[in-house]
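Residues 0 to 444 (numbering that gives the first Met the number 0) are what the sequence shown spells out, left to right. We put the beta carbon where it would ideally sit given N, CA and C, even for glycine. Computed from a predicted model, the values in this text were never measured in an experiment. These notes concern the structure reproduced below.
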Amino acid sequence: MTTSVSAPALLHAGDPAYAAAVAPFVTTLTPRPAAVVAARSPGDVVDAVRWAGAEGRPVTVQATGHQLLSDLGGSVLVSTRELDDVRIDPATRTAVVGGGAQWHQVIAAAAPHGLAPVCGSSSKVGVVGFCLGGGHGPLSRAFGTGADQVRRVRVVTADGTERDVDADREPDLFAALLGGKTGFGVVTEIEIALHPVTRLYGGGIFFPGEASPQLLHAWREWAGTLPVETSSSIALLRLPPDPALPPPLQGAFVTHLRFAHLGAASDGAALLAPMRAVAEPIADMVDEMPFAAIDAIHADPTEPMPIWDDSATLSALPAEAVDALLAVAGPGVETPLVMAELRQMGGAIARRPDREHDAVAGRDAAFHLYALAPMFPPMAAVAPAAARSVVDALRPWTVGGLPNFQGPAAGGRLGVLWDQETLAWLTGVREQYDPTGMFRTVGLR
Ligand SMILES: Cc1cc2nc3c(=O)[nH]c(=O)nc-3n(C[C@H](O)[C@H](O)[C@H](O)COP(=O)(O)OP(=O)(O)OC[C@H]3O[C@@H](n4cnc5c(N)ncnc54)[C@H](O)[C@@H]3O)c2cc1C
């Protein structure tokens with residue numbers, strides 16, 4: 000195929016617009032692409048990819064920088080940040096979302112129509128990055144992963160063609176994008192299903208960290224009794240002495256129970272009652288809430304910061320696994336960890352789509368384990384080992400991992416997240432659409 004090549008507007012180091020375009024949310028690594036194209040239209044993406052192809056340059060892509068696996072050195076970075084259009088179709092209950100839009104933009108646009116997306120714990124995350132990596136959030140046990148909501152993807156592949164792909168048009172590329180995470184092209188637009196959700200009974204309860212042994216053991220048994228309309232997560236948090244936090248939480252070691260129930264508040268309260276009875280809370284913030292307040296459930300950080308994270312999916316959470324977690328992150332342990340988190344999976348997450356290949360990793364896992372330590376000096380020296388120690392402690396129950404929760408620790412081991420057959424199929428699709436490996440896939444080739 001003959002394609003015309005128009006030189007894109009390139010930003011280089013030293014240009015203030017370069018700094019703004021590369022600035023990541025997770026600042027552990029400093030992005031150093033050779034040049035940046037701050038795309039304002041799908042045409043800019045096409046120009047960038049065609050030009051990079053003609054020049055033999057690798058291409059990387061970033062929206063928010065919530066997941067920087069390398070410093071992007073030497074690449075042409077396509078920043079999709081400004082491709083943030085969101086259009087809602089209430090009749091079909093779908094949203095058409097630009098390649099750089101963030102969840103809060105979809106939530107705000109969908110709410111007036113009584114609709115909500117399957118987003119994650121933080122609405123500052125990019126829609127496309129989330130969905131391409133599977134995508135798990137408080138509605139996933141009820142409605143499936145983020146990838147399961149995707150109806151159509153518009154993607155610029157390595158030959159510089161913008162393709163509309165869905166279950167009928169180039170179904171292999173469509174299926175590979177939905178969970179295969181990286182290495183297929185730059186997504187300029189994505190169409191996702193929305194759900195008629197306007198409110199939740201949800202939020203977080205902060206308990207003392209010292210009560211974590213009772214709470215974690217109770218949670219592991221209780222979580223298994225919850226219906227799919229209900230999601231929960233529990234985390235051991237060593238909070239910073241941040242004046243923005245309420246005084247009892249500043250610098251405190253706490254157990255944070257996260258809860259979201261899609262049904263009536265009275266049913267949600269009844270489901271939560273056994274956990275409320277385990278210990279005296281410091282602050283109980285679970286209540287009736289608008290869906291648009293979903294960030295309050297996990298209360299994730301909202302400002303950029305350097306972190307080191309490590310994670311794994313778990314097949315089960317027996318009492319021995321909880322004890323192993325407490326031994327590395329529980330009361331009395333000196334650790335730089337800010338968070339050691341368990342999320343319940345299951346429900347609709349486990350439901351495979353009706354197609355030959357499914358790229359969503361970790362469907363069969365029962366829980367997800369996530370550890371996070373700050374990369375500020377002097378903790379930076381010990382943060383990676385601390386995060387790893389959590390995953391190592393639960394090694395007897397680890398079965399894989401989720402692409403979205405991989406940080407720099409993933410290094411060259413992203414490929415282990417898929418079974419051999421799925422990985423071979425994903426590699427084949429990448430080679431078909433990107434035979435020269437233009438789109439850098441850290442840890443995959
Ligand atoms: C505070 C926080 C909370 C999180 N909560 C959750 C959660 O609840 N559930 C969950 O599943 N994940 C969660 N994540 C992980 C998150 O989903 C991933 O980090 C995701 O990749 C972020 O996408 P992004 O576009 O915001 O980030 P970016 O760093 O900009 O992008 C990450 C990667 O996504 C791909 N990508 C992004 N945009 C495009 C595009 N337009 N075309 C092609 N590829 C693209 C690229 O491979 C890129 O390298 C969380 C992360 C953080 C930091």
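- Here the alpha carbons of glycine 119 and serine 211 stand approximately 25 Å from one another.
- Relative to ligand 1, the nearest heavy atom lies less than 6 Å away from the CB of serine 120.
- Of the candidates Phe366, Glu333 and Glu209, the residue whose Cα lies closest to the Cα of glycine 345 is Phe366.
- Residue nearest to valine 389 within the set Asp165, Leu114 and Ser310 is Ser310 (criterion: CA-CA distance).
- Going by DSSP, threonine 229 is part of the beta strand (DSSP E) stretching over 229–237.
- Inclusion of histidine 65 in the 6 Å shell around ligand 1 follows from its C-beta lying nearer than that to a non-hydrogen atom of the ligand.
- Judged by DSSP secondary structure, serine 310 falls within the beta strand (DSSP E) whose first and last residues are 306–313.
- Alanine 115 sits in a strand when the DSSP states are folded into three classes.
- Taking non-hydrogen atoms of ligand 1 into account, the C-beta of histidine 135 is found less than 6 Å away from one of them.
- A residue is called buried when at least 16 other Cβ atoms come within 10 angstroms of its Cβ; glutamine 61 meets this threshold and is buried.
- Sixteen is the threshold: when 16 or more other Cβ atoms of the shown chains lie within 10 Å of the Cβ of valine 277, as they do, the residue is buried.
- Annotation for glutamine 61 indicates a beta carbon within 6 Å of some heavy atom of ligand 1.
- Contact check for threonine 312 against glycine 400 passes: the beta carbons are separated by less than 7 Å.
- Each residue's CA atom was taken as its position, placing alanine 263 and glycine 125 some 30 Å apart.
- Excluding the 5 residues flanking it on each side, aspartate 294 has same chain C-beta neighbours closer than 7 Å at Ser121 and Ser122, in chain order.
- Around histidine 11, the same chain offers Tyr17 and Ala34 as residues with beta carbons nearer than 7 Å, after the five sequence neighbours per side are excluded.
- Glutamine 405 counts as buried, since no fewer than 16 other beta carbons sit within 10 angstroms of its beta carbon.
- Serine 78: member of the beta strand (DSSP E) spanning 75–78, first to last residue.
- In this structure, valine 44 and alanine 38 form a Cβ contact; the two beta carbons are roughly 5 Å apart against a cut-off of 8 Å.
- Assigned with DSSP and collapsed to three states, glutamate 355 falls in coil, not helix or strand.
- When secondary structure is reduced to three states using DSSP, phenylalanine 290 falls in the helix class.
- When DSSP reads this structure, arginine 257 sits in a beta bridge with Gly203 and Ser232.
- Exposed is the label assigned to glutamine 249, since fewer than 16 other Cβ atoms lie within 10 Å of its Cβ.
- Nearest neighbour of leucine 235 by Cα position, chosen from Glu340, Gly202 and Leu225, turns out to be Glu340.
- With a cutoff of 7 Å on beta-carbon distance, phenylalanine 290 and leucine 193 are scored as not near each other.
- Under the DSSP assignment, arginine 387 falls outside any beta strand (DSSP E), being part of the alpha helix (DSSP H) whose first and last residues are 382–392.
- Here glutamate 188 is buried, its C-beta having at least 16 other C-beta atoms within 10 Å.
- Listed in chain order, the non-local C-beta contacts of histidine 112 below 7 Å within the same chain comprise Ile87 and Pro89, local neighbours out to five positions each way being set aside.
- Leaving aside the five residues that flank glutamate 228 on each side, the residues in its chain whose CB is nearer than 7 Å to its CB run, in chain order, Ala141, His260, Leu261 and Gly262.
- Across the set Glu209, Arg92 and Gly55, the C-alpha of Gly55 shows the shortest separation from the C-alpha of valine 4.
- Excluding its 5 nearest sequence neighbours in each direction, alanine 392 has C-beta neighbours in its own chain below 7 Å: Ala323, Leu324, Ala326 and Val327, listed in chain order.
- Boundaries of the beta strand (DSSP E) around threonine 93: 93–97.
- For threonine 79, the CB falls within less than 6 Å of some heavy atom of ligand 1.
- In this structure, the straight-line span from the alpha carbon of glycine 145 to that of asparagine 403 is close to 11 Å.
- Set against 6 Å, the gap from the CB of phenylalanine 206 to the closest heavy atom of ligand 1 is not smaller.
- Rounded to whole angstroms, the separation of the alpha carbons of phenylalanine 129 and arginine 354 is 21 Å.
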